[in-house]
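What follows is a single structure, written as structure tokens, with notes after it.
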Amino acid sequence: MNTADPFKEYSPNIHNIDRDVPNEVTPSPPTQTFLPPQILSIDTIKTNDTNDTSSFSLIKVEIGSNQSISLNLIPDISSNDIGLCSQLCYYGAVGDCDNRINYFDSKNSTTFEGTFKTKIINYLDNSSASALSGFDYITLGKYTLKNRPLFFLFDEIIGILNNQSAVEGVMGLGFGSQIWNQLASDGYLQVIGITLPNFICPIGSIAFGGIDLRYISNVPQNLPKIHNISTLNGTDYPTIQVNVIWVSLGSFSTEFFTKLGANKTSDGNWIVPNPVDITLDVTTDSGPIIGITITSFLTCNTNNPNNASRTIGIAERSEEFCPIPGHTGMPPVQPQTTVLPKPIPTYPPPQILALNTFSQSNQSQSLEYLFQIQIGSNLSQMLNIMPDTCVNDFGMCSELCYQSTTGSCNNRRHIFDSKNSSSFSPNDSKGSINYLDGSFANGSFGNDFIILDNFGFATKFSFLLFSQINGALQAESNVEGVMGLGLSSQIWDQLASKGYDQAIGIAFPNYPCPVGSIAFGGIDPRFSKNPNQTFSIPTLNDSTYPIIQTIAIWVNNTPLDFPVINAIISTNYNKVSLGNYSTEFFKALGANKTNDGNWVVPNPVNFNFAINKAKHNIEIAERNSFCPISTPTGTPPVQPQTTILPKPIQTFPPPQIIDLNRFKTDNQSSEFLFQVQIGSNASLNIMPDTCVNDIGICSELCYQSTTGSCNNRQHIFDSKNSSSFSQNGTKGSINYLDGSFANGIFGNDFIILDNFGFANKFSFLLFSQINGALQAESAVEGIMGLGLSSQIWSQLASKGYDQAIGFALPNSVCDFGSIAFGGIDSKFSNSSNNVFNIPTLNDSTYPKIEIVTIWVNRTLLDFPVINAILSTNYNKVSLGNYSTEFFKALGAKKVKEGWVVPNPVDISFDLLTDSGQIIQATIPSNLTCIMVQGQCITVFDDSFVPSNSILLGIPFIQVKFYYIIIYN
Numbered sequence: 001m002n003t004a005d006p007f008k009e010y011s012p013n014i015h016n017i018d019r020d021v022p023n024e025v026t027p028s029p030p031t032q033t034f035l036p037p038q039i040l041s042i043d044t045i046k047t048n049d050t051n052d053t054s055s056f057s058l059i060k061v062e063i064g065s066n067q068s069i070s071l072n073l074i075p076d077i078s079s080n081d082i083g084l085c086s087q088l089c090y091y092g093a094v095g096d097c098d099n100r101i102n103y104f105d106s107k108n109s110t111t112f113e114g115t116f117k118t119k120i121i122n123y124l125d126n127s128s129a130s131a132l133s134g135f136d137y138i139t140l141g142k143y144t145l146k147n148r149p150l151f152f153l154f155d156e157i158i159g160i161l162n163n164q165s166a167v168e169g170v171m172g173l174g175f176g177s178q179i180w181n182q183l184a185s186d187g188y189l190q191v192i193g194i195t196l197p198n199f200i201c202p203i204g205s206i207a208f209g210g211i212d213l214r215y216i217s218n219v220p221q222n223l224p225k226i227h228n229i230s231t232l233n234g235t236d237y238p239t240i241q242v243n244v245i246w247v248s249l250g251s252f253s254t255e256f257f258t259k260l261g262a263n264k265t266s267d268g269n270w271i272v273p274n275p276v277d278i279t280l281d282v283t284t285d286s287g288p289i290i291g292i293t294i295t296s297f298l299t300c301n302t303n304n305p306n307n308a309s310r311t312i313g314i315a316e317r318s319e320e321f322c323p324i325p326g327h328t329g330m331p332p333v334q335p336q337t338t339v340l341p342k343p344i345p346t347y348p349p350p351q352i353l354a355l356n357t358f359s360q361s362n363q364s365q366s367l368e369y370l371f372q373i374q375i376g377s378n379l380s381q382m383l384n385i386m387p388d389t390c391v392n393d394f395g396m397c398s399e400l401c402y403q404s405t406t407g408s409c410n411n412r413r414h415i416f417d418s419k420n421s422s423s424f425s426p427n428d429s430k431g432s433i434n435y436l437d438g439s440f441a442n443g444s445f446g447n448d449f450i451i452l453d454n455f456g457f458a459t460k461f462s463f464l465l466f467s468q469i470n471g472a473l474q475a476e477s478n479v480e481g482v483m484g485l486g487l488s489s490q491i492w493d494q495l496a497s498k499g500y501d502q503a504i505g506i507a508f509p510n511y512p513c514p515v516g517s518i519a520f521g522g523i524d525p526r527f528s529k530n531p532n533q534t535f536s537i538p539t540l541n542d543s544t545y546p547i548i549q550t551i552a553i554w555v556n557n558t559p560l561d562f563p564v565i566n567a568i569i570s571t572n573y574n575k576v577s578l579g580n581y582s583t584e585f586f587k588a589l590g591a592n593k594t595n596d597g598n599w600v601v602p603n604p605v606n607f608n609f610a611i612n613k614a615k616h617n618i619e620i621a622e623r624n625s626f627c628p629i630s631t632p633t634g635t636p637p638v639q640p641q642t643t644i645l646p647k648p649i650q651t652f653p654p655p656q657i658i659d660l661n662r663f664k665t666d667n668q669s670s671e672f673l674f675q676v677q678i679g680s681n682a683s684l685n686i687m688p689d690t691c692v693n694d695i696g697i698c699s700e701l702c703y704q705s706t707t708g709s710c711n712n713r714q715h716i717f718d719s720k721n722s723s724s725f726s727q728n729g730t731k732g733s734i735n736y737l738d739g740s741f742a743n744g745i746f747g748n749d750f751i752i753l754d755n756f757g758f759a760n761k762f763s764f765l766l767f768s769q770i771n772g773a774l775q776a777e778s779a780v781e782g783i784m785g786l787g788l789s790s791q792i793w794s795q796l797a798s799k800g801y802d803q804a805i806g807f808a809l810p811n812s813v814c815d816f817g818s819i820a821f822g823g824i825d826s827k828f829s830n831s832s833n834n835v836f837n838i839p840t841l842n843d844s845t846y847p848k849i850e851i852v853t854i855w856v857n858r859t860l861l862d863f864p865v866i867n868a869i870l871s872t873n874y875n876k877v878s879l880g881n882y883s884t885e886f887f888k889a890l891g892a893k894k895v896k897e898g899w900v901v902p903n904p905v906d907i908s909f910d911l912l913t914d915s916g917q918i919i920q921a922t923i924p925s926n927l928t929c930i931m932v933q934g935q936c937i938t939v940f941d942d943s944f945v946p947s948n949s950i951l952l953g954i955p956f957i958q959v960k961f962y963y964i965i966i967y968n
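If you read the sequence shown in UniProt numbering, its first letter stands for residue 1, the second for the next number, and so on.
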């Protein structure tokens with residue numbers, strides 16, 4: 001054996017690898033502790049390919065969710081990217097890699113996420129590869145990186161790499177590689193130790209997070225000698241400075257190969273007549289110069305890049321150790337035994353949401369168990385969601401479905417309106433979801449954030465915006481979305497990305513407790529009799545369903561003669577189906593099938609179960625009698641609607657209250673206006689309008705206009721006189737329900753209510769032309785849209801105010817009223833604590849409610865339930881398509897001025913509150929008509945109303961009640 005010393009030392013000092021720069025004066029900081037390194041073997045692989053006679057030092061890793069295939073990768077400290085042979089390259093026409101044994105197929109990994117970005121990767125041997133990028137997990141032995149790194153899937157390989165059939169990928173370990181941050185985030189030292197195979201031992205090792213001490217020469221037994229060589233700054237490669245190059249025959253200053261007597265061959269290689277020792281002098285970070293000698297028979301060395309201090313650490317290699325029998329005669333050590341066990345992970349407490357019981361209004365009277373989440377950026381878009389372990393996709397009721405004529409979801413109380421979420425992004429792909437109960441939904445996919453209570457995930461979810469629902473799901477009006485929790489669902493990666501355990505615990509409501517819970521990231525220990533005692537039931541391999549094996553089924557202590565049965569666990573299906581095994585089962589029960597297809601079955605046993613993605617099993621625990629709400633024993637079940645726990649009462653600052661004043665217009669009608677300041681200098685009289693979303697104001701554009709002008713206004717907003725105004729140059733128009741419309745240009749400026757200013761600018765239309773009745777209403781200098789998609793709601797929330805606006809319109813008793821931004825004006829309310837909540841229907845603009853019945857002088861009109869739009873702008877009440885029957889009941893006749901009634905009578909509207917109570921709003925007879933030339937012209941008309949609704953204008957809002965629009 002050649003015993004040449006591989007180090008030529010000049011008074012060297014010995015330093016620990018954990019220390020960057022020794023300093024005997026300054027005290028060292030506290031030693032940071034790290035997890036022990038993850039050690040993989042580096043194997044020498046030589047292929048049988050006649051075109052590839054070289055050997056390679058490769059490590060074996062697993063990519064993605066399919067752990068059955070391992071890839072042999074080259075660890076490359078001179079590149080930064082992870083490149084993989086893939087199905088794109090395997091089936092490619094040029095530069096293909098179909099000479100590889102294995103390749104990564106992204107279609108077979110449920111955790112892969114493509115970014116569809118391309119890149120050219122260049123290697124130092126002049127090979128290159130074109131590739132598409134994507135994210136997926138990487139497993140090093142038994143260690144899986146916590147976060148998914150960015151991969152590049154080769155689709156074309158050029159150069160030497162194309163022929164290297166043993167190489168199935170390249171792991172870049174340069175200083176720009178992702179591996180360094182991955183190690184740090186997982187609690188490992190930012191050090192990678194590499195011991196390449198050599199002629200003595202064909203197996204080396206790579207240590208992620210430290211060094212493999214077995215390969216370091218340690219005689220006598222003390223701390224190993226680690227020499228740190230500083231790398232140069234500004235380079236992705238581990239680059240060091242070589243001071244002197246030595247050849248064993250002496251020092252040379254001329255061309256290296258000439259002095260070696262080397263000749264260059266036609267294939268670019270150099271041939272030397274005799275191998276000689278080559279020594280390189282380098283300076284360590286502590287000062288001493290060491291000589292690194294490549295002996296005449298040794299052609300490789302060991303490197304240990306450390307990203308934290310940007311140094312190369314080298315140590316003398318032991319020639320006494322090899323994990324397999326070799327020249328030393330050492331006993332074999334299996335490479336796989338060098339992988340240290342993964343430390344037991346710790347997770348944050350799970351995110352626990354209430355599972356509430358809802359009763360369906362259909363004849364089946366079935367129950368649904370739903371939890372509430374926020375979709376997108378809009379705090380008001382809270383939906384009741386059903387968990388479903390038998391699908392992978394997430395689907396929700398949306399504006400597409402609400403507007404649909406068939407299979408619609410307009411029977412839902414809440415929908416997700418993508419236009420109202422600033423974080424929503426469509427992906428323009430259509431799809432469908434099929435559910436196990438036979439229901440299905442069509443729609444378009446989009447992406448947005450999901451918030452569980454106050455917890456938000458790191459990345460957006462992809463979900464289907466329902467445009468059409470078919471089957472039982474259509475009638476389940478309480479279900480506003482279905483979250484797929486199947487084994488290929490997005491939720492698992494989302495939980496992992498936030499550091500949570502990939503487990504979801506479910507405790508369903510039962511009798512007498514109508515409230516359960518769903519725990520994202522673990523279990524809810526409150527529902528478990530012993531949280532430390534869980535039974536793990538292995539799941540079978542399936543990409544969607546959590547399937548377990550049922551060994552036996554017992555009926556009244558009698559086992560049925562069934563084989564082992566696969567059973568799907570479903571949180572959506574409201575029965576237990578025996579499928580092909582039903583006949584024997586019901587026979588054993590002595591059950592009879594009824595005319596409606598139902599069977600009488602025993603009561604289910606109460607269990608609390610968890611689906612565990614990481615462990616691939618179902619865990620069940622015995623359930624206790626815990627209930628989050630008070631349920632005295634022996635009492636009948638609590639009604640479903642009372643099971644939804646109220647949210648904590650939120651406190652808000654007092655509302656901003658502005659006077660509403662009565663103004664007479666040019667056409668002698670009354671308008672109710674409040675005063676605001678626009679920009680830095682203009683105060684305008686503004687009309688509140690609950691039936692539009694935009695703000696429009698009279699401006700210099702309209703004042704100068706020759707047609708449809710607003711030069712009959714006393715005040716206008718002149719944008720040139722406001723230092724805070726910014727124009728966006730977009731033209732637009734606003735249509736009002738009275739038939740008026742306005743054109744103009746959009747701009748942005750601040751709005752001040754009395755002395756209160758909002759945090760952000762409002763966008764509004766600067767009128768350039770006004771048409772219709774609005775043109776004659778000279779007192780109206782602007783209209784503030786307070787529709788349900790108006791800017792005012794987010795502006796109120798941004799200042800911490802309640803998303804509510806209260807109206808007290810001037811009436812026959814008082815010429816003054818008020819508008820309260822952020823609450824109610826208690827001066828106009830007999831009792832601010834006695835508020836009747838009337839649910840609004842799903843509409844992105846109008847505050848729309850249901851009218852149960854209409855009474856004419858105590859006579860009930862034979863109308864169906866009617867949708868009614870509340871308008872603070874329209875000065876009449878329009879019955880729209882219901883006008884004919886209404887005016888017939890009044891005995892009214894139509895004249896030029898409107899409808900004449902022989903005798904004014906009381907008109908009453910029955911409204912259904914959310915508590916089930918019916919309240920009645922009555923327009924008294926003395927306010928139902930206006931006397932014109934001795935005729936009683938009613939305040940009702942037959943104007944067109946959108947959405948087959950009626951329009952409840954000012955005469956309705958003026959009487960009896962104080963009205964509040966609550967956005968949330």
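Think of the CB as a built atom: it goes at the ideal place given N, C-alpha and C, for glycine as much as any other residue.
Values in this document were obtained by computation on a predicted structure and should not be read as measured data.
DSSP puts residue 156 in a beta bridge; with which residues? Against the sequence shown, residue 156 aligns to sequence position 156. DSSP, once it has assigned bridges, lists 130 as partnering residue 156.
With distances taken from CA atoms, which of 749, 767, 519 is nearest residue 759? Numbered from its first residue, the sequence shown carries residue 759 at position 759. In this structure, 749 is the residue among 749, 767, 519 with its C-alpha nearest to the C-alpha of residue 759.
How should residue 124 be labelled, buried or exposed, when 16 other C-beta atoms within 10 angstroms of its C-beta is the threshold for buried? Reading the sequence shown from its first residue, position 124 is the one you call residue 124. Burial call: exposed.
Classify residue 480: buried if its beta carbon has 16 or more other beta carbons within 10 angstroms, exposed otherwise. One-based indexing of the sequence shown puts residue 480 at position 480. Counting Cβ neighbours within 10 Å, residue 480 comes out buried, since at least 16 surround it.
Can you give me the Cβ contacts of residue 637 inside the same chain, cut-off strictly under 7 Å, excluding the 5 residues immediately before and after it? The count along the sequence shown starts at 1 and reaches residue 637 at position 637. With a pLDDT of 39 at residue 637, under the threshold of 50, the predicted position of this residue should be treated as unreliable, though the coordinate-derived value follows. Cβ neighbours of residue 637 beyond the five flanking positions: 511, 512, 514.
Who pairs with residue 825 in a beta bridge, going by DSSP? Looking up residue 825 in the sequence shown gives position 825. None, per the DSSP bridge assignment.
Mind pulling the alpha helix (DSSP H) runs of 4 or more residues that sit fully within the region 863-946? Note on the region 863-946: whole alpha helix (DSSP H) runs with a minimum of 4 residues are 883-890, in chain order.
Contact defined as beta carbons within less than 8 Å: I believe residue 370 pairs with residue 384. What is the distance between those atoms, to the nearest angstrom? The sequence position of residue 370 within the sequence shown is 370, counting from 1. The sequence position of residue 384 within the sequence shown is 384, counting from 1. Sure, about 4 Å apart at Cβ, within 8 Å.
How about residue 389: is its Cβ closer than 8 Å to a heavy atom in the ligand NAD? Annotation note on the ligand NAD: not contained in the displayed structure, which lists no ligands.
Whose C-alpha, out of 588, 538, 943, 567, is nearest the C-alpha of residue 559? Along the sequence shown, read from residue 1 onward, the residue named residue 559 stands at position 559. Per the C-alpha coordinates, the member of 588, 538, 943, 567 positioned closest to residue 559 is 588.
Between the C-alpha atoms of residue 930 and residue 938, what's the straight-line distance to the nearest angstrom? Mapped onto the sequence shown, residue 930 falls at position 930. Mapped onto the sequence shown, residue 938 falls at position 938. When rounded, the distance between both Cα atoms is 6 Å.
Exposed unless 16 or more other CB atoms sit within 10 angstroms - verdict on residue 533: Taking the sequence shown and counting its residues from 1, the one referred to as residue 533 is at position 533. It is exposed - the Cβ of residue 533 has fewer than 16 other Cβ atoms within 10 Å.
Using only CA atoms, which one of 906, 897, 874 lies nearest to residue 886? Sequence index remark: in the sequence shown, residue 886 carries index 886 (1-based). Per the Cα distances, 906.
Boundaries of the beta strand (DSSP E) in which residue 566 is found, first to last residue: Along the sequence shown, read from residue 1 onward, the residue named residue 566 stands at position 566. First-last of the beta strand (DSSP E) with residue 566: 565-568.
Proximity winner among 652, 936, 878, relative to residue 804 (alpha-carbon distances): Position 804 of the sequence shown holds residue 804. Comparing alpha-carbon positions, the option among 652, 936, 878 lying closest to residue 804 turns out to be 652.
Beta-carbon within less than 7 Å of residue 913's beta-carbon, same chain only, minus the 5 sequence neighbours each way: which residues are those? For the purposes of this step, residue 913 is identified with residue 913 of the sequence shown, where counting begins at 1. A distance below 7 Å between beta-carbons, with the five flanking residues on each side excluded, links residue 913 to the following residues of its chain, in chain order: 836, 837, 838, 919.
What is the DSSP secondary structure of residue 796, reduced to helix, strand or coil? Here residue 796 refers to the residue found at position 796 of the sequence shown. In the structure shown, residue 796 sits in a helix (DSSP, three-state: H, G or I).
Would you mind giving the Cβ-Cβ distance between residue 697 and residue 674, rounded to the nearest angstrom? I have them listed as a contact below 8 Å. In the sequence shown, counting from the first residue as 1, residue 697 sits at position 697. In the sequence shown, counting from the first residue as 1, residue 674 sits at position 674. The pair is not a contact, with the Cβ atoms about 13 Å apart (cut-off 8 Å).
Identify, in the order they occur along the chain, each residue of the same chain with its Cβ nearer than 6 Å to the Cβ of residue 791, setting aside the five sequence neighbours on each side. In the sequence shown, counting from the first residue as 1, residue 791 sits at position 791. Closer than 6 Å at Cβ, skipping near neighbours: 762.
Under the three-state DSSP convention, the category residue 585 falls into: As a working mapping, residue 585 is identified with position 585 in the sequence shown. Judged by DSSP in its simplified three-state form, residue 585 adopts helix.
Three or more beta-carbon pairs under 8 Å between the region 66-77 and the region 164-174, yes or no? Contact between the region 66-77 and the region 164-174 is present, because at least three Cβ pairs lie under 8 Å.
Excluding the 5 residues flanking residue 472 on each side, which residues of the same chain have their C-beta closer than 8 Å to its C-beta? Within the sequence shown, numbered from 1, the residue matching residue 472 stands at position 472. Non-local C-beta neighbours of residue 472 in its own chain, meaning closer than 8 Å and more than five positions away in sequence, comprise 437, 438, 439, ordered along the chain.
Whose CA, out of 348, 482, 846, lies closest to the CA of residue 394? Taking the sequence shown and counting its residues from 1, one reaches residue 394 at position 394. Of the listed residues, the one whose Cα sits closest to residue 394 is 482.
Spatial neighbours of residue 855 within its chain, please: CB distance less than 6 Å, with the 5 preceding and 5 following residues excluded, ordered by chain position. In the sequence shown, counting from the first residue as 1, residue 855 sits at position 855. Closer than 6 Å at Cβ, skipping near neighbours: 908.
What would DSSP say about residue 418, mapped onto helix, strand or coil? For the purposes of this step, residue 418 is taken as residue 418 along the sequence shown, with counting starting at 1. DSSP places residue 418 in the helix class (H, G or I) of the three-state scheme.
Under the three-state reduction of DSSP, which class applies to residue 203: helix, strand or coil? By 1-based counting over the sequence shown, the position of residue 203 is 203. When DSSP states are grouped into helix, strand and coil, residue 203 belongs to the strand group.
Reducing DSSP to helix, strand and coil, say where residue 514 ends up. If you number the sequence shown from 1, residue 514 lands on position 514. The answer is coil: DSSP assigns residue 514 none of H, G, I, E or B.
Check whether the Cβ atoms of residue 815 and residue 657 sit closer than 9 Å, and answer yes or no. Numbered from its first residue, the sequence shown carries residue 815 at position 815. Numbered from its first residue, the sequence shown carries residue 657 at position 657. No, the pair does not count as a contact, with Cβ atoms beyond the cut-off.
DSSP three-state call for residue 258: helix, strand or coil? The residue you call residue 258 lines up with position 258 of the sequence shown. Per DSSP, reduced to three states, the secondary structure at residue 258 is helical.
When the Cα atoms are used, what is the spatial distance from residue 813 to residue 426? In the sequence shown, residue 813 corresponds to position 813, counting from 1. In the sequence shown, residue 426 corresponds to position 426, counting from 1. Those two C-alpha atoms are separated by around 52 Å.
Which term fits residue 492, buried or exposed, when burial requires 16 or more other beta carbons within 10 angstroms of its beta carbon? Sequence index remark: in the sequence shown, residue 492 carries index 492 (1-based). Here residue 492 is buried, its C-beta having at least 16 other C-beta atoms within 10 Å.
In this structure, does DSSP put residue 653 in helix, strand or coil? Here residue 653 refers to the residue found at position 653 when the sequence shown is read from its first residue. Three-state result, residue 653: coil.
Nearest by alpha-carbon distance to residue 158: which of 540, 89, 894 is it? Walking along the sequence shown from the start, residue 158 turns up at place 158. Measuring from the Cα of residue 158, the nearest candidate turns out to be 89.
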